[in-house]
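>
Numbering (this note's numbering), first residue to last: 247 to 363.
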């Protein structure tokens, strides 16, 4: 497996999403990774525009120091550090051994379907 990819889904039935992920994990080949949100509010509350900018800036760049990432996006180091904390908890960024971060995904796909209540 050379490149990893992530699919972000929006499904209120998190149990069904978990079952599908477990089923996919039994395949012989890499099926990608899934991050599910239960509601649009949860998705947009955690993945803000500034956090997306961090992911896009880190994607394909290899390991980056937090200071270097903050220079790339033109933001305060403290705020970038806080956002990186949230993004690492979600799995969109990963910490490196030397306290930097890396975006491990070659591509991120958002699969979202909204319909009237």
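Backbone N, C-alpha and C define an ideal beta-carbon position, used for all residues, glycine too.
Is it true that the CB of residue 361 sits closer than 8 Å to the CB of residue 350?
Not closer than 8 Å, so no.
> Could you please give the first and the last residue of the uninterrupted alpha helix (DSSP H) stretch that includes residue 318?
Counting along the chain, the alpha helix (DSSP H) containing residue 318 begins and ends at 312–319.
> Under 8 Å by Cβ, that's how I've got residue 289 and residue 256 pegged, so tell me the actual separation to the nearest angstrom.
Indeed they touch by this definition, with Cβ atoms about 6 Å apart.
> Quick one, are the C-beta atoms of residue 254 and residue 329 less than 8 Å apart?
No, Cβ-Cβ distance for residue 254 and residue 329 is not below 8 Å.
> Would you list the one or two residues that DSSP bridges to residue 249?
Its beta-bridge partners do not exist; DSSP assigns none.
> Does DSSP put residue 361 in a helix, a strand or coil?
Reduced to three states, the DSSP call for residue 361 is coil.
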